[in-house]
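158 is the number of the first residue of the sequence shown in the working numbering; add one for each residue after it. Right, one structure below, let's go through it.
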Amino acid sequence: MELIKMRSIVKTYGKHETAVNALKGIDLSVNKGELIAIVGPSGSGKTTLLNILGCLDSPDSGEYFVDDINVESLNSNKLAKIRNLKFGFVVQNFALLDDYTVFENIKIPLDYSESKIKNKKEIISNILKKLNMEDKINKYPTELSGGQCQRVSIARALVNDPEIILADEPTGSLDKKMGQQVMDIFKSIKNEKKTIIIVTHDMDIASQCDRIIKIEDGNVENSDYALV
Ligand code: ADP
Ligand code: MG
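In structure tokens, the structure reads:
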């Protein structure tokens with residue numbers, strides 16, 4: 158089933174002679190449960206694309222559907238709701254708050270979610286258990302390795318049980334071994350029927366995905382090059 162559908166998505170930053178055409182008409186479809194890699198040179202538009210996918214930014218033109226909902230038709234309240242419920246975000250430098258513990262960092266999205274959640278402690282402990290990080294629950298990010306910090310940020314992305322995980326160079330700050338551990342987590346999340354889109358420079362990481370989408374200068378080079 159098609160979960161994500163983009164048609165002719167255009168995004169330009171700035172105006173007139175300083176304008177940058179970051180996305181020049183992107184067509185993209187992603188099925189439920191797919192693990193997708195987005196690769197491409199620096200400046201090719203990968204982060205811009207991910208931000209539009211995650212409803213953090215909106216395109217200048219084109220159509221974007223999530224679960225057959227036309228994102229353009231949503232008011233800002235509904236957009237925020239979709240963003241918080243459907244998406245979990247992971248970034249290269251983890252974006253953890255240093256003066257919050259692991260537990261407090263992971264709890265942030267739960268505190269922002271609308272429903273009253275009573276068993277926050279239990280939800281967070283269960284996720285940390287799955288990521289082999291249960292013993293770090295009361296540590297601070299500065300007491301952890303890079304790989305452990307990325308696992309905390311993945312836990313934070315998962316805590317609202319989103320359908321789609323968007324990860325922007327999640328292994329970019331990690332050495333090979335820790336990067337592979339993070340990739341193994343994404344693969345196990347996929348087995349829980351989540352849809353995952355990973356931006357990466359690392360072809361070892363990309364080649365473990367179901368499909369590679371190549372972005373070049375704001376265009377999709379090949380969206381249907383399947384590895385499996
Ligand atoms: P990538 O993630 O592939 O490196 P980006 O999506 O970050 O590429 O950037 C695509 C292009 O848009 C680049 O030329 C970049 O300089 C430009 N760009 C990105 N964000 C902004 C912004 N906020 N303002 C102006 N230009 C931007
Ligand atoms: Mg980028």
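Positions of the beta carbon are idealized from the N, C-alpha and C atoms, including for glycine.
Out of 376, 190 and 220, point me to the one whose CA is closest to residue 163's CA. Of the residues 376, 190 and 220, the one whose Cα lies closest to the Cα of residue 163 is 220.
C-alpha gap between residue 371 and residue 357, whole angstroms: 10 Å
What I want to know is whether the C-beta of residue 170 ends up closer than 7 Å to one or more non-hydrogen atoms of ligand 1. yes
Exposed or buried, which one is residue 340 when buried takes at least 16 other CB atoms within 10 Å? buried
In terms of alpha-carbon separation, which member of 284, 218 and 374 lies closest to residue 167? 218
Classify residue 204 as buried or exposed, calling it buried when 16 or more other Cβ atoms lie within 10 Å of its own Cβ. Residue 204 comes out buried.
Going by alpha carbons, who is nearest to residue 238 out of 265, 215, 270 and 229? The shortest C-alpha separation from residue 238 is found at 270.
Does ligand 2 have a heavy atom nearer than 7 Å to the CB of residue 374? no
So the candidates are 355, 170, 342 and 363; which of them puts its Cα closest to the Cα of residue 211? The candidate whose alpha carbon is nearest that of residue 211 is 355.
Distance check for residue 317 and residue 293, CA to CA, integer angstroms please. Answer to the nearest angstrom: the Cα atoms are 20 Å apart.
DSSP puts residue 226 in a beta bridge; with which residues? 223
Using the C-alpha atoms, what's the distance from residue 260 back to residue 272? 19 Å
Residues proximal to ligand 1 by C-beta, any heavy atom closer than 5 Å: The set of residues with any CB-heavy atom separation to ligand 1 below 5 Å comprises, in chain order, 170, 177, 179, 199, 200, 201, 202, 203, 204 and 205.
Note the first and the last residue of the continuous alpha helix (DSSP H) segment covering residue 232. Looking at the DSSP string, residue 232 is not in any alpha helix (DSSP H), and its letter there is neither H nor E.
Please look up how many angstroms separate the CB atoms of residue 194 and residue 366, rounded, as I've assumed it's under 8 Å. 4 Å
Confirm, please, whether the CB-CB distance from residue 296 to residue 190 is below 8 Å. In this structure, residue 296 does not lie closer than 8 Å to residue 190 by Cβ.
Quick one, which of 363, 314 and 281 has its alpha-carbon nearest residue 329's? 363
Under a three-way DSSP split, which group does residue 382 fall into? Note that residue 382 scores 49 on pLDDT, short of 50, meaning its location in the model is unreliable; the coordinates nonetheless yield the value given after this. Looking at residue 382 - three-state DSSP - the assignment turns out to be coil, as it is neither helix nor strand.
Taking 7 Å as the line, does the beta carbon of residue 325 fall inside it for any heavy atom of ligand 2? yes
Give the DSSP bridge partners of residue 434, in chain order. Past the boundaries of the shown model lies residue 434; the chain is included only from 158 to 385, so the question cannot be answered.
Give me the Cα-Cα distance between residue 159 and residue 250, rounded to the nearest whole angstrom. 31 Å
For the alpha helix (DSSP H) containing residue 205, list its first residue and its last residue. In the DSSP assignment, residue 205 falls within the alpha helix (DSSP H) that extends over 203 to 210.
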